[in-house]
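Residue numbers for the sequence shown follow the numbering used here, so the first one is 27 and each next one is one higher.
All residues carry an ideal CB built from backbone N, CA and C; glycine is no exception.
First up is the structure itself, then whatever we jot down about it.
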Amino acid sequence: STLLEGAANVSQESEQGHHREEAWEKAMEEISEISLKKYQSLVFGDKDFLTYFNEATPLQEISELNIGSRPMKRKDSSKFENLRAIPWVFAWTQNRQLIPAWYASGSGLSAYASQSDEHLAQLKQMYESWPFFRTTINNLQMALTKADIQTAKEYKALVNDQELGERIFNNVVEEYERTKEVLLQISGDEELLDHQPTIKDSVRLRNPYVDPLNFLQVELIKELRQSEDINDDILTEVLLTISGIAAGLRNTG
């Protein structure tokens with residue numbers, strides 16, 4: 027949704043040399059509005075979302091890493107608005123959901139495309155002729171490729187309320203599949219990143235080496251959080267998995 031919101035507000039100066047039809051701007055406004063509402067309905071509208079975020083990611087453990095000069099949260103950390111941007115993105119990258127990078131974009135794009143065959147054809151034309159839109163779609167494909175739903179599923183077990191974890195995770199999976207489908211429709215690719223085979227192969231080669239670290243991280247976090255006292259040895263191992271996953275995915279947020 028962030029990418030689409032930015033696309034809707036891109037300045038005319040940044041598009042010098044490229045003709046942009048007025049209809050394209052209106053399309054992006056409509057898509058971004060739908061995406062924003064979908065994103066906000068999960069992040070701000072679901073009363074259980076912050077609990078899910080705190081428990082289904084290694085957010086608590088990330089706070090022990092020295093990755094910035096400022097604290098992970100501002101004062102009154104129980105509020106979402108007081109969470110700093112780096113740990114927000116970093117935590118979602120660690121559990122392979124990457125929600126800030128793609129979530130809700132599929133709802134906006136598919137809602138627009140499903141209105142008529144002409145709308146879908148328009149999005150395909152925008153992909154072919156508008157560099158900014160093409161880059162946006164390609165970046166979304168990259169985000170979905172780096173995300174791994176099967177691996178992310180393991181982090182569900184970290185949520186104390188299993189029904190809560192199942193409900194929100196299923197929401198994420200549904201949006202992931204919706205986003206993947208519409209991105210492939212627009213780009214004409216059969217698989218994500220078909221248009222960038224070198225990058226596609228690079229990501230697919232890296233991911234299997236990162237996956238075992240994710241599975242190990244989940245088990246270590248379970249053990250750490252169940253301990254009555256802080257176990258420094260287990261915490262150190264968790265922090266090593268955090269560093270390893272960040273290095274493997276080449277992303278910290």
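Check: Report all residues from its chain with a CB closer than 6 Å to the CB of Pro97; omit the five preceding and five following residues, and keep chain order.; Outcome: With a pLDDT of only 48 at Pro97, under 50, the local geometry of the prediction cannot be trusted, and no value is derived from it.
Check: State the Cα-Cα distance for the pair Lys248 and Val264, rounded to the nearest angstrom.; Outcome: 10 Å
Check: In the stretch 223-253, which residue ranges form an unbroken alpha helix (DSSP H) of at least 4 residues, counting only runs that do not cross its ends?; Outcome: 223-252
Check: Using only CA atoms, which one of Gly71, Phe75, Glu90 and Ser61 lies nearest to Leu266?; Outcome: Glu90
Check: Could you say if the stretch 141-158 and the stretch 216-225 meet the contact criterion of at least three C-beta pairs nearer than 8 Å?; Outcome: no
Check: Roughly how many angstroms separate the alpha carbons of Pro113 and Leu85, rounded to a whole number?; Outcome: 7 Å
Check: Exposed or buried, which one is Ile268 when buried takes at least 16 other CB atoms within 10 Å?; Outcome: buried
Check: Can Gln123 and Ile271 be called in contact, C-beta distance under 8 Å?; Outcome: no
Check: Would you report the Cα separation of Arg232 and Ile225, rounded to the nearest angstrom?; Outcome: 11 Å
Check: What did DSSP end up calling Glu90 once you bin it into helix, strand or coil?; Outcome: coil
Check: Report the residue from Pro238, Ser140 and Ile175 whose alpha carbon sits nearest the alpha carbon of Val208.; Outcome: Ser140
Check: Decide if the stretch 195-205 is in contact with the stretch 143-155; the criterion is three or more beta carbon pairs, one per stretch, under 8 Å apart.; Outcome: no
Check: Who are the Cβ neighbours of Lys64 in its own chain at under 6 Å, not counting the five residues just before and after it?; Outcome: Ala130 and Ser133
Check: Between Arg251 and Trp50, what straight-line distance do the alpha-carbon atoms span, to the nearest angstrom?; Outcome: 50 Å
Check: I'd like to check one pair, Asn197 with Leu62: are the Cβ atoms closer than 8 Å?; Outcome: no
Check: If you check the beta carbons only, do Trp118 and Leu170 fall under 8 Å apart?; Outcome: no
Check: On the DSSP letters alone, give me the boundaries of the alpha helix (DSSP H) that Tyr65 sits inside.; Outcome: Glu48 to Val69
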